[in-house]
Structure formats: C-alpha cells, structure tokens
Ligand code: COA
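In the working numbering, the protein residues as written are 53 to 467.
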C-alpha cells in the first residue's frame, strides 16, 4: 500500500513542479447571467452553468473535487468516501460515512430478473456498454418510484446506482465470458468487489487499492460529454435512470470513455517496441488521432494519467505480456509528446494508461469503459442532482444556415 501512496505523492510533486509557471485558475468566479463567452463548434467554450462539484484547470493540469485535490483523494480516500463528497459536498464524518456505506451495502444486489434479462441479450455481439444501458433501463422500469423526480428520491436512486453498478458490470463481464454472475459481497469495498465480480478471482489487497484509486480518479470531470448528456436528459424532468442510461451511451464513444479500449487495440496492433516508430509515422501520415492523447480542456499533462502511468508500470512488473504493452505505451508517449506536446499541447489523457492497469488484473478490454462508468456514475448523479435543485430545461439554439422559402415541387415534377 505504501508503494501506491508513494507513487501518488511523486506524481503530485511532479505535477506541481511542471505547472508552477502556468497561468492562475480561470472560470472560478461567479458569473453574471446572461454570461458572455466565445463558443466554438462542439460547444467549446460555452458556459452551461455554475457548480461547486469539481474543477478542471486545463493549463495547470489540476483536477479538484469539492475543493480537494484528486491527488490527495487518491492517496487517502476511498471511492465510497469520494462519492459521498461529490454527492453531498463535504468529506463525511465517521458516522456519516458509516451510514452511507451501510446504505451502499444494502443496495448492492440487483433483482434476479435483471440478471435473467441480461442473460437473454446477445452479449457476445453487443458492446458491454450497450448491455449496461439496457440493465440500468430495466432497473428504472422495475422501480415504482422512478418517476418521482424530487431531489430526495433522485438522491436515493443515485446511491442505489453507485452501489449496483459494480454488480451489473460484474454480471455483464461474467455472462460475456460464458460464466455465471457472482453475488456481490457487501462486506467488500466497491472497488475490490468490482475487480472480483468481473474477473471471478480474488484480487490482491494491492489490486483492490489500485482499482479504488482508478475509481476515484474517474469519478468526476467537469462538463464532459457524458455528464452534460445526463444533465440535459434530467433537465426535462425525465428521471434519474434515463439520465444515467444517456450518460452511459455518451461515455461509450471512442472520443470519450471508449478511448481506453481503443488504446489497448492500438498497443496490441503495434505489437512490439520496435514497431512504435513506424506505426506512429503511418498514423500521422493518415492524420489519424492517437487514442489516449489530447483533451478538450487539458493543455497540460492530465493529472490522472500522471498517477495511472506509474501504476501501470507497477502492475506490469511480474507480467511480461503486460510489461510489453507498457513499454510500447511509454515509447509511443515519448514520440507523441515530442511531436505534438509543445505546439498542440497534446499529452496522454486518463485513457492512455488505465487499460494497461485493468488488463494486468485479467480484465477483458471490452470491460474497460464499463469500469469507467462504474466510477463516473457518482459524478453523473452528483451533477444531475446539483442542477436539479435549480432546474432549467437545457435548450440551446442552432444557427440555421439552410435555404428558406423553398417551393414545394410535386413528386412527379422533381429531378
Ligand atoms: N492525436 C493526434 N492529434 C491530435 C489528437 C490526438 N489524439 N488530439 C487532438 N489532436 C490535434 C488535432 O488533429 C487538431 O490538430 P489541428 O489543429 O492541426 O487540426 C488539434 O490537436 C485539436 O484537436 P481537436 O480534435 O480539435 O480537439 P478537440 O478538443 O475537439 O478533441 C479529443 C479532444 C479528446 C476528442 C481529441 O483529442 C481526441 O480525439 N483524442 C483521441 C481520443 C481520446 O483519447 N479520447 C479520450 C479523451 S479523455
């Protein structure tokens, strides 16, 4: 455990050293509505609301939850405690954490009928993120209070979903592998049980802690695409389940959470350290974006990648096949950063090293994005709840650039 704490402390030191000269935080003071901002395609630069949940400083490479540095949370906290922090705004006292953890324990199981319905899906063909969408949708259909969009009820559903995601993700992983889903073990942490439920094997204490760190680091990240998607859906007062289903759908894409799986495809395709240079040259010639690099907000090294990179090295120590992937990744990082770091501010993002960490735990790469979802559900729900308290339907406009006053031509006179 000390090794992990040491890795995180070193990553923090390095991040601080490199960001000293970067500009001070922006977007941290209250705005006067209506706010003036420059909006680029993809809503780049648009201000969608105010939040106290989390803050990403892209220039300095900071990631903060409720004022706390995620380096410190990764070193000292747990995913349960971090989820409490995101949902309720403060680190819990001992009794608050005990009550929260008790509730999570109580909610861990999912109805057998949900597992049976998952069994009926074409799991060998469907992406597990699609199966996860279906599973959460079914949970919503089975909850007679799903339509109660009061903050109290949606908070309860949020805790339930945070508790049930590892069970669902574990069941999907096992069914895909042709094995029977395991029952959740309420006496384990969510992280440790997630690793066990997916792999079917007992994770070591160190592997459980590494999974915990990964879940903490993925829990929230500003107005990212999936979080914003979940907020947009909930803003119509739909319901929490539908909002989370939409978030899963968004996270699945390779420009967002799906990149972690795509990175492993790339590393496997490269195959050996000797091939990295030619692979990268060909990718650049084809103007192919390299998975796991670049970010809409970070124009510095992603702090999550700073922690995951040495963790990937740690977990690959005794595993030559994984160590090979790690060595390929390090070489690729060197080439990409030398080529695009200075000019375009392209550095590794959270997805570049996370897959290596999970692969070392024996987890199938198709399950990498569902692991991301099992963590991000806490950020999704926290931000949905925050927005719900002062809800206003999201409804941006598009600029119409097509023709107007076109005459209707009967079908036999067209073309
Ligand atoms: N590899 C190579 N070049 C990249 C790149 C990458 N991964 N990401 C961005 N760039 C380049 C673009 O080609 C573009 O160059 P140009 O100015 O010469 O046209 C410039 O950097 C800006 O890229 P753009 O696509 O406009 O940035 P964005 O903010 O829209 O995209 C991402 C952000 C994350 C979607 C993009 O970096 C990407 O597709 N990364 C790969 C997928 C990934 O890892 N996603 C997970 C994100 S956590």
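From the three backbone atoms N, C-alpha and C, an ideal C-beta is built for every residue, glycine too.
Excluding the 5 residues preceding and the 5 following residue i in the sequence, name in chain order all residues of the same chain whose CB lies nearer than 7 Å to its CB.
{"i": "residue 294", "result": "192, 285"}
{"i": "residue 173", "result": "183, 186"}
{"i": "residue 365", "result": "378"}
{"i": "residue 197", "result": "205"}
{"i": "residue 408", "result": "364, 368, 374, 377, 378, 381"}
{"i": "residue 259", "result": "247, 413"}
Grab the span of the alpha helix (DSSP H) containing residue i for me, first residue to last.
{"i": "residue 286", "result": "277-287"}
{"i": "residue 157", "result": "146-159"}
{"i": "residue 299", "result": "292-303"}
{"i": "residue 312", "result": "311-322"}
{"i": "residue 361", "result": "355-367"}
{"i": "residue 133", "result": "131-140"}
DSSP state of residue i, grouped into three classes?
{"i": "residue 432", "result": "helix"}
{"i": "residue 345", "result": "strand"}
{"i": "residue 400", "result": "strand"}
{"i": "residue 59", "result": "helix"}
{"i": "residue 171", "result": "helix"}
{"i": "residue 331", "result": "helix"}
{"i": "residue 409", "result": "helix"}
{"i": "residue 421", "result": "helix"}
{"i": "residue 178", "result": "coil"}
{"i": "residue 102", "result": "coil"}
{"i": "residue 252", "result": "coil"}
{"i": "residue 383", "result": "helix"}
{"i": "residue 127", "result": "helix"}
{"i": "residue 336", "result": "helix"}
{"i": "residue 234", "result": "coil"}
{"i": "residue 440", "result": "helix"}
{"i": "residue 307", "result": "coil"}
{"i": "residue 143", "result": "coil"}
{"i": "residue 370", "result": "coil"}
{"i": "residue 192", "result": "helix"}
{"i": "residue 183", "result": "helix"}
{"i": "residue 390", "result": "helix"}
{"i": "residue 83", "result": "coil"}
{"i": "residue 242", "result": "helix"}
{"i": "residue 447", "result": "coil"}
{"i": "residue 200", "result": "coil"}
{"i": "residue 351", "result": "coil"}
{"i": "residue 466", "result": "coil"}
DSSP has residue i in a bridge; who is on the other side?
{"i": "residue 378", "result": "Per DSSP, none; premise fails for residue 378."}
{"i": "residue 121", "result": "116"}
{"i": "residue 96", "result": "92"}
{"i": "residue 273", "result": "275"}
{"i": "residue 44", "result": "The displayed coordinates of the chain run from 53 to 467. Any statement about residue 44 would go beyond what the structure contains."}
Span of the beta strand (DSSP E) holding residue i?
{"i": "residue 222", "result": "Counting along the chain, residue 222 falls outside any beta strand (DSSP E), though it belongs to the alpha helix (DSSP H) covering 203-228."}
So, under 8 Å CB-CB, residue i and residue j are touching, yes? Tell me the CB distance rounded to an integer number of Å.
{"i": "residue 322", "j": "residue 315", "result": "Contact flag wrong, Cβ pair sits at about 11 Å."}
{"i": "residue 292", "j": "residue 436", "result": "7 Å"}
{"i": "residue 139", "j": "residue 433", "result": "7 Å"}
{"i": "residue 63", "j": "residue 358", "result": "4 Å"}
Excluding the 5 residues flanking residue i on each side, which residues of the same chain have their C-beta closer than 6 Å to its C-beta?
{"i": "residue 115", "result": "108, 122, 355"}
{"i": "residue 70", "result": "none"}
{"i": "residue 427", "result": "267, 270, 271"}
{"i": "residue 189", "result": "297"}
{"i": "residue 167", "result": "223, 233"}
{"i": "residue 325", "result": "379, 380, 383"}
{"i": "residue 265", "result": "126"}
{"i": "residue 375", "result": "368"}
{"i": "residue 209", "result": "292"}
{"i": "residue 226", "result": "233"}
{"i": "residue 309", "result": "303, 421, 424"}
{"i": "residue 343", "result": "311, 314, 315, 318"}
{"i": "residue 143", "result": "137"}
{"i": "residue 277", "result": "302, 308"}
Output needed for residue i: all residues of its chain with C-beta closer than 8 Å, excluding positions within five of it in sequence on either side, in chain order.
{"i": "residue 444", "result": "287"}
{"i": "residue 224", "result": "170, 175, 180, 183, 184, 187, 419, 422"}
{"i": "residue 80", "result": "107"}
{"i": "residue 248", "result": "222, 234, 237, 240, 254, 255"}
{"i": "residue 466", "result": "none"}
{"i": "residue 352", "result": "70, 71, 74, 110, 111, 112, 113, 397, 399"}
{"i": "residue 157", "result": "215, 238, 239"}
{"i": "residue 336", "result": "391"}
{"i": "residue 132", "result": "149, 152, 153, 156, 241, 242"}
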